[in-house]
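K.L.:
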Amino acid sequence: MLSLLIPICLSSLFDSDMDAVLRTEHSPFLGMYDVPAEYAPTPAAGRVAEREEEELKKGIAELYDESSEMWERLWGDHMHHGFYERDASVSLSDHRLAQVRMVEEALAFAGITDDPLKKPKRIVDVGCGIGGSSRYLAKKYGAKCEGITLSPVQVKRAQALAIAEGLEDRASFQVADALKQPFPDGQFDLVWSMESGEHMPDKTKFVGELARVAAPGATIIIVTWCHRDLSPSEESLQPNELNLLNKICNAYYLPAWCSASDYVKIAQSLSLEDIKTADWSENVAPFWPAVIRSALTWQGFTSLLRCGWKTIKGALAMPLMIEGYNKKLIKFAIIACRKPM
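The sequence shown begins at 1 in the UniProt record's numbering and counts up by one.
Dropping the structure here:
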């Protein structure tokens with residue numbers, strides 16, 4: 001039954017009006033993502049209980065243990081959005097290049113230089129996936145890069161890929177918690193977090209750890225999913241917006257969302273400098289429809305069937321991400337800052 005449900009639900013996105021399908025009241029996914037109490041986020045970012053945090057981390061690790069092999073088969077070793085020209089028509093072959101471009105755009109936004117005297121020499125990749133960014137940065141800068149993830153499967157694969165590329169001396173990986181990083185203070189001159197912040201239950205502690213392991217003068221780059229900024233008259237998001245985010249949280253093991261402005265306030269509270277942010281939502285617009293289309297291929301469908309329920313549930317929730325972007329609720333944000341000298 002499940003093997004029939006997946007292609008039927010996904011194909012419905014392309015057999016009818018996209019906007020209508022993606023509205024919650026017309027979606028074939030309605031009711032699939034009622035949020036259990038242990039994962040239901042509050043309207044504002046904050047702490048979760050210790051037990052709930054451990055359950056959340058376990059769910060995240062299992063999700064990526066299940067799904068990473070499929071992702072690599074379909075999309076390669078960069079487990080993040082691509083960066084596209086606005087309103088550009090994109091062929092399927094362009095998407096992997098767009099993922100590499102995302103890395104380059106983030107580096108350029110943060111002002112990371114190729115100057116041999118100023119380029120980063122020690123880098124940490126927080127939420128490294130299977131090491132796509134880690135190896136790319138290690139090769140680009142001739143740097144030593146250390147990656148951390150909650151997923152043992154990702155660590156094993158990242159290590160194998162590093163060895164295959166002759167980078168075992170420059171790219172290393174370990175299972176570790178981003179909120180309790182196993183590094184001494186001031187270790188890195190580039191602190192990199194590509195789409196891992198959305199999984200962090202305590203955003204203040206997350207940014208605090210990034211700042212702690214950063215050397216004086218180091219650059220910190222956070223690329224993450226956020227919700228829209230609140231207007232001056234709002235105390236929280238609207239109930240329908242919270243409902244949509246709750247469904248996404250349940251599918252992808254996310255705690256409370258925050259806005260890019262919240263990240264700026266956290267960075268300011270930690271006395272970080274040169275803080276700047278940008279909304280790249282329009283630049284990532286082709287990404288989720290492309291991921292859905294890749295799941296509709298025979299290779300994508302058979303790969304999904306080999307994965308566990310967590311991955312299948314995540315695949316079925318992809319239209320909710322598109323809905324969030326279409327409604328300007330979800331923002332793809334970059335935040336860059338510097339630790340004082």
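Note that beta-carbon positions come from the ideal geometry of N, C-alpha and C, so glycine has one too.
With distance defined between alpha-carbon atoms, name the residue in S294, M194, I222 and L296 nearest to T204.
P.N.:
Ranking S294, M194, I222 and L296 by Cα distance to T204 puts I222 first.
K.L.:
Round the Cβ separation of A267 and I334 to the nearest angstrom and send it over; I've been treating them as touching at under 8 Å.
P.N.:
Actually they do not touch by this definition, with Cβ atoms about 13 Å apart.
K.L.:
Return the bridge partner residues of T224 from the DSSP annotation.
P.N.:
Answer by DSSP bridge pairing, in chain order: A333.
K.L.:
Buried or exposed: K58, going by 16 or more other Cβ atoms within 10 Å of its Cβ?
P.N.:
Classification for K58: exposed.
K.L.:
For S236, count the other beta carbons within 10 Å of its own beta carbon; 16 or more makes it buried, fewer makes it exposed. Which is it?
P.N.:
Flag for S236 reads exposed.
K.L.:
Identify which residue in Y253, P182, K327 and D202 has its Cα closest to the Cα of N240.
P.N.:
It is K327 whose Cα lies nearest to the Cα of N240.
K.L.:
Report, in whole angstroms, the separation of the C-beta atoms of R170 and A143, which I expect to be a contact under 8 Å.
P.N.:
Right, the Cβ-Cβ distance comes to about 7 Å (below 8 Å), so this counts as a contact.
K.L.:
Please name the residue, chosen from D77, A98 and H80, that lies closest to R86 on a Cα-to-Cα basis.
P.N.:
Nearest C-alpha to R86: A98.
K.L.:
T291: which of L74, A49, A61 and Y64 sits nearest, CA to CA?
P.N.:
A small fix is needed here, since residue 291 is Val in this sequence, not Thr. Per the Cα distances, L74.
K.L.:
Can you tell me where the alpha helix (DSSP H) holding K203 begins and where it ends?
P.N.:
Looking at the DSSP string, the run of the alpha helix (DSSP H) that includes K203 is K203 to V213.
K.L.:
Figure out for me which residue from W225, M70 and R157 has the closest Cα to the Cα of K331.
P.N.:
Ranking the options by Cα distance to K331, first place goes to W225.
K.L.:
Taking DSSP as the reference, what is the three-state secondary structure of Y325?
P.N.:
Residue state, collapsed to three classes: helix.
K.L.:
For E25, does the three-state DSSP call read helix, strand or coil?
P.N.:
Confidence in E25 is poor, its pLDDT being 39 and thus under 50, which makes the residue's placement unreliable; the coordinate value appears in the next sentence. It is helical.
K.L.:
Give me the Cα-Cα distance between G31 and S259, rounded to the nearest whole angstrom.
P.N.:
Reliability fails at G31, whose pLDDT of 40 lies under 50, so the model's placement of it is uncertain and no value is given.
K.L.:
Are A61 and L150 touching if we call contact CB-CB under 8 Å?
P.N.:
In contact: A61 and L150 (Cβ atoms closer than 8 Å).
K.L.:
According to the Cβ coordinates, are F183 and V103 closer than 8 Å?
P.N.:
No.
K.L.:
Have a look at S271, P286 and L270 and flag the residue whose alpha-carbon is nearest the alpha-carbon of P319.
P.N.:
The option with the nearest alpha carbon to P319 is P286.
K.L.:
Taking just the CA atoms, how far does S269 sit from V213?
P.N.:
So the two alpha carbons sit approximately 17 Å from each other.
K.L.:
Quick check on the burial criterion: 16 or more other C-beta atoms within 10 angstroms. Buried or exposed for M321?
P.N.:
So M321 ends up on the buried side.
K.L.:
Which class does M79 belong to by DSSP, given the choice of helix, strand or coil?
P.N.:
Here M79 sits in coil by DSSP.
K.L.:
Counting only the same chain and skipping the five closest in sequence on each side, list residues whose C-beta sits under 8 Å from that of P152.
P.N.:
Excluding residues within five positions, the ones whose Cβ falls inside 8 Å are A61, D65 and V175.
K.L.:
Determine whether the beta carbon atoms of I148 and C128 lie at a separation below 8 Å.
P.N.:
Yes.
K.L.:
Going by alpha carbons, who is nearest to L296 out of W309, L316, S281 and A106?
P.N.:
For the residues W309, L316, S281 and A106, the minimum Cα distance to L296 belongs to L316.
K.L.:
State the Cα-Cα distance for the pair D17 and Q187, rounded to the nearest angstrom.
P.N.:
Model confidence at D17 stands at a pLDDT of 40, short of 50, so the residue's coordinates are unreliable and nothing is read from them.
K.L.:
Looking at L272 and the ligand PLP, is the gap between the Cβ and the nearest heavy atom below 7 Å?
P.N.:
The ligand PLP is absent from the structure shown, which contains no ligands of any kind.
K.L.:
Looking at the C-beta of T297, does it have a partner C-beta in chain C at a distance below 8 Å?
P.N.:
The chain labelled as chain C is not found in the depicted structure, where only one protein chain is given.
K.L.:
Taking Y263 and V207 to be in contact with their CB atoms under 8 Å, please state how far apart those CB atoms are, rounded to whole angstroms.
P.N.:
Y263 to V207, Cβ: 7 Å. Contact.
K.L.:
Which ranges would you report for the alpha helix (DSSP H) in the region 144-204 if only whole runs of at least 4 residues count?
P.N.:
Counting only runs of 4 or more, we get 152-164.
K.L.:
Given this structure, state the Cα-to-Cα distance separating S67 from K118, to the nearest angstrom.
P.N.:
C-alpha separation (whole angstroms): 37 Å.
K.L.:
How would you write the range of the alpha helix (DSSP H) that T297 sits in, first residue to last?
P.N.:
Unbroken run through T297: none, as it is neither H nor E.
K.L.:
For the alpha helix (DSSP H) that E241 lies in, which residues bound it at each end?
P.N.:
Residues P239 to Y252.
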